[in-house]
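Residue 96 is where the sequence shown starts when you use our numbering, and the numbers rise one by one after that. Note that beta-carbon positions come from the ideal geometry of N, C-alpha and C, so glycine has one too. Here is the structure we will look at.
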Amino acid sequence: MNVEITKLSNGLTVVTDPMPQLESAFVGVWVNAGGRNEVRADMGVAHMLEHMAFKGTERRSARVIAEEIEAVGGFLNAYTSREQTAFHARVLKADVPLALDILSDILIRPTFEQKELERERQVVLQEIGQARDTPDDLVFDHLQAAVYPDQPLGWPILGEEATVSAFSQDQLRGFMNTNYRAGSMVLVASGAVAHREIVALATDLFGDLKPGTAPAAPLAHYRGGDKRETGDLEQAHITFAFPGVSGTDPDYYAMQVYATALGGGMSSRLFQEARERRGLCYSIYAFAHSYNDGGLIGIYTGTGEGEAGEIPPVVAGEMALLAENATDREIARAKAQLRSGLLMGLERPSARAESIATQLYAYGRVLPVAEVTGLLEAVDTAAVRRVGARVMATASPSLAAIGPIGGLETHETFARRFGSATRRAAE
Numbered sequence: 096m097n098v099e100i101t102k103l104s105n106g107l108t109v110v111t112d113p114m115p116q117l118e119s120a121f122v123g124v125w126v127n128a129g130g131r132n133e134v135r136a137d138m139g140v141a142h143m144l145e146h147m148a149f150k151g152t153e154r155r156s157a158r159v160i161a162e163e164i165e166a167v168g169g170f171l172n173a174y175t176s177r178e179q180t181a182f183h184a185r186v187l188k189a190d191v192p193l194a195l196d197i198l199s200d201i202l203i204r205p206t207f208e209q210k211e212l213e214r215e216r217q218v219v220l221q222e223i224g225q226a227r228d229t230p231d232d233l234v235f236d237h238l239q240a241a242v243y244p245d246q247p248l249g250w251p252i253l254g255e256e257a258t259v260s261a262f263s264q265d266q267l268r269g270f271m272n273t274n275y276r277a278g279s280m281v282l283v284a285s286g287a288v289a290h291r292e293i294v295a296l297a298t299d300l301f302g303d304l305k306p307g308t309a310p311a312a313p314l315a316h317y318r319g320g321d322k323r324e325t326g327d328l329e330q331a332h333i334t335f336a337f338p339g340v341s342g343t344d345p346d347y348y349a350m351q352v353y354a355t356a357l358g359g360g361m362s363s364r365l366f367q368e369a370r371e372r373r374g375l376c377y378s379i380y381a382f383a384h385s386y387n388d389g390g391l392i393g394i395y396t397g398t399g400e401g402e403a404g405e406i407p408p409v410v411a412g413e414m415a416l417l418a419e420n421a422t423d424r425e426i427a428r429a430k431a432q433l434r435s436g437l438l439m440g441l442e443r444p445s446a447r448a449e450s451i452a453t454q455l456y457a458y459g460r461v462l463p464v465a466e467v468t469g470l471l472e473a474v475d476t477a478a479v480r481r482v483g484a485r486v487m488a489t490a491s492p493s494l495a496a497i498g499p500i501g502g503l504e505t506h507e508t509f510a511r512r513f514g515s516a517t518r519r520a521a522e
């Protein structure tokens with residue numbers, strides 16, 4: 096990547112990532128504020144603000160916003176995560192000025208009209224209802240709540256019915272005024288773009304962003320726990336979590352390789368043991384999530400009521416074995432999966448832009464591809480065994496489950512399988 100970076104006088108960081116072979120561009124603004132920047136009374140306000148930004152500005156109605164971007168065949172969207180909120184567009188190269196004009200409009204001049212707020216409130220309540228009807232999504236909110244109880248990182252991004260129903264215009268404006276500051280925002284343009292032109296457009300269109308930075312979010316405290324919801328479903332949806340690492344931790348890449356070897360594909364330990372050898376489930380996988388001050392290693396499976404009780408000892412057993420006898424061959428295979436995912440992502444401007452924004456927030460710079468692949472290749476089998484032992488030493492693993500889970504072992508029983516780097520989990 097041939098990345099260029101300019102910081103405007105108000106503090107906005109502007110980054111371009113030219114891909115001359117393309118006829119289109121992906122442009123987006125990442126705000127370094129999300130669900131974990133909320134207080135309890137505002138739970139879900141970051142997500143509601145993301146919705147409301149598209150519902151009218153001082154210059155455009157919601158319909159005009161939609162019609163203008165679609166009149167040029169473009170796409171406009173946004174998302175809210177626990178740490179960032181992103182607003183982005185994909186357009187042909189001639190329409191980049193229009194895309195940036197619309198993005199600046201919705202970020203600087205939203206009106207948050209009361210009638211639109213009432214309408215969008217119902218939309219978000221429907222979204223919450225839809226999430227409740229999707230247990231394989233909902234279980235991850237339960238897992239966050241178990242891992243980070245009574246803190247913003249453990250709250251659902253969508254909020255709850257009570258908070259969403261009470262949102263006011265003042266709450267939206269207050270959250271935006273506090274957190275949508277130029278020094279906490281990054282504009283990234285990837286694809287058919289030129290740095291000088293993007294900087295000139297950004298200077299003109301985003302110059303009215305308020306300077307300064309957003310307040311730091313509360314620190315995360317992994318506690319671990321248990322959250323279960325019995326339901327009349329065909330499958331039991333079961334998740335587990337353990338303390339992980341932040342994106343800047345020296346063990347970040349070792350943890351990624353560990354999670355991939357444990358449950359990152361059809362050749363992984365969990366897939367081979369739980370699905371292929373025992374036939375306990377259709378889906379099972381592991382993942383590593385990182386935040387700016389910590390992270391978690393997680394596992395998900397969907398299984399039958401009769402098989403739910405067999406899953407925890409299998410999961411703990413495979414984790415213990417990987418920490419004890421990870422092989423050079425499987426670690427090389429896991430690294431190849433991660434490396435190919437990274438390099439294939441470089442073929443998509445959206446993935447490149449998101450990676451740039453994420454790295455700027457985590458490291459304060461964009462890491463060259465060679466540096467990232469070098470860090471990944473430096474992970475050896477001993478490092479994976481070491482981080483595996485670190486995970487096995489967890490004294491308070493987390494468990495969340497939804498569905499027919501009466502046969503699932505207690506949290507206390509599961510926790511006894513951990514707490515020592517040398518204990519065999521399958522005891």
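Between residue i and residue j, what straight-line distance do the alpha-carbon atoms span, to the nearest angstrom?
i: His-506; j: Leu-198; result: 47 Å
i: Asp-236; j: Pro-251; result: 6 Å
i: Val-98; j: Ala-484; result: 38 Å
i: Gly-514; j: Gly-319; result: 13 Å
i: Lys-150; j: Ala-157; result: 4 Å
i: Arg-443; j: Val-186; result: 14 Å
i: Gly-397; j: Gly-440; result: 28 Å
i: Thr-152; j: Asp-200; result: 7 Å
i: Tyr-353; j: Gly-360; result: 12 Å
i: Thr-517; j: Ala-381; result: Unreliable placement is indicated for Thr-517, whose pLDDT of 42 sits below 50; the coordinate value is still reported in the next sentence. Distance between the alpha carbons of Thr-517 and Ala-381: 22 Å.
i: Val-482; j: Arg-323; result: 28 Å
i: Ile-160; j: Ala-166; result: 10 Å
i: Pro-230; j: Pro-115; result: 43 Å
i: Gln-239; j: Glu-292; result: 42 Å
i: Arg-519; j: Thr-308; result: With a pLDDT of 44 at Arg-519, under the threshold of 50, the modelled position of that residue is not reliable, and the figure given next carries that caveat. So the alpha carbons of these two residues sit roughly 48 Å apart.
i: Glu-522; j: Ala-184; result: Note that Glu-522 has pLDDT 44, beneath the 50 cutoff, so the model's placement of it is unreliable and the number below is only indicative. C-alpha separation (whole angstroms): 53 Å.
i: Ala-226; j: Gly-326; result: 15 Å
On the DSSP letters alone, give me the boundaries of the alpha helix (DSSP H) that residue i sits inside.
i: Tyr-347; result: 347-358
i: Glu-162; result: 157-166
i: Ala-478; result: 476-487
i: Leu-171; result: Unbroken run through Leu-171 is the beta strand (DSSP E), 170-175; no alpha helix (DSSP H).
i: Ala-184; result: Here Ala-184 belongs to no alpha helix (DSSP H); instead the beta strand (DSSP E) covers 180-187.
i: Pro-408; result: 406-420
i: Ile-201; result: 191-203
i: Asn-105; result: Note, Asn-105: premise wrong, no alpha helix (DSSP H); not H, not E.
i: Phe-235; result: 230-242
i: Thr-508; result: 506-510
i: Met-143; result: 140-147
Quick one: give me the first and last residue of the beta strand (DSSP E) that residue i is part of.
i: Val-110; result: 108-113
i: Arg-460; result: Run containing Arg-460: none; DSSP gives neither H nor E here.
i: Gly-498; result: 493-498
i: Asn-127; result: No beta strand (DSSP E) contains Asn-127, which DSSP labels as neither H nor E.
i: Arg-323; result: 321-325
i: Val-288; result: Val-288 -> no beta strand (DSSP E), and no H or E assigned at all.
i: Leu-391; result: 389-398
i: Ser-385; result: 376-386
Taking 9 Å as the cut-off, decide whether the C-beta atoms of residue i and residue j are in contact.
i: Met-271; j: Leu-103; result: no
i: Asp-321; j: Ala-241; result: yes
i: Tyr-348; j: Tyr-243; result: no
i: Ala-173; j: Ala-148; result: yes
i: Ala-128; j: Thr-206; result: no
i: Ile-203; j: Leu-107; result: no
i: Glu-472; j: Arg-434; result: yes
i: Ala-477; j: Asp-388; result: no
i: Ile-392; j: Val-461; result: no
i: Arg-135; j: Tyr-386; result: no
i: Ala-141; j: Gly-169; result: no
i: Met-280; j: Val-110; result: no
i: His-290; j: Glu-215; result: no
Reducing DSSP to helix, strand and coil, say where residue i ends up.
i: Asn-97; result: coil
i: Asp-344; result: coil
i: Glu-522; result: Caution is warranted here: a pLDDT of 44 is assigned to Glu-522, below 50, making its placement in the model unreliable, and no coordinate value can be reported.
i: Lys-305; result: coil
i: Gly-436; result: helix
i: Ala-516; result: Unreliable positioning characterises Ala-516 in this predicted model, as indicated by a pLDDT of 41, which lies under 50. The coordinate reading is nonetheless provided below. In this structure, Ala-516 counts as coil in the three-state DSSP scheme.
i: His-316; result: coil
i: Ile-333; result: strand
i: Phe-262; result: coil
i: Val-578; result: Lying before the first or after the last residue shown, residue 578 is absent from the chain, which here runs from 96 to 522.
i: Leu-296; result: helix
i: Leu-471; result: helix
i: Ala-120; result: strand
i: Pro-444; result: helix
i: Met-361; result: coil
i: Thr-206; result: coil
Query raised in the report: Do three or more CB pairs link the segment 285-295 to the segment 120-134 at distances below 8 Å?
Result: Here the segment 285-295 makes contact with the segment 120-134; the two share three or more CB pairs at distances below 8 Å.
Report task. Take every Cβ of the segment 465-472, pair it with every Cβ of the segment 357-373, and state whether three or more of those distances are shorter than 8 Å. Result -> Using a C-beta cut-off of 8 Å, the segment 465-472 makes no contact with the segment 357-373, since fewer than three inter-stretch Cβ pairs fall below that distance.
Query raised in the report: Does the segment 419-433 come close enough to the segment 259-270 that 3 or more CB-CB pairs lie under 8 Å?
Result: no
**Report entry** Three-pair Cβ contact test at 8 Å for the segment 485-498 versus the segment 323-333
**Finding:** yes
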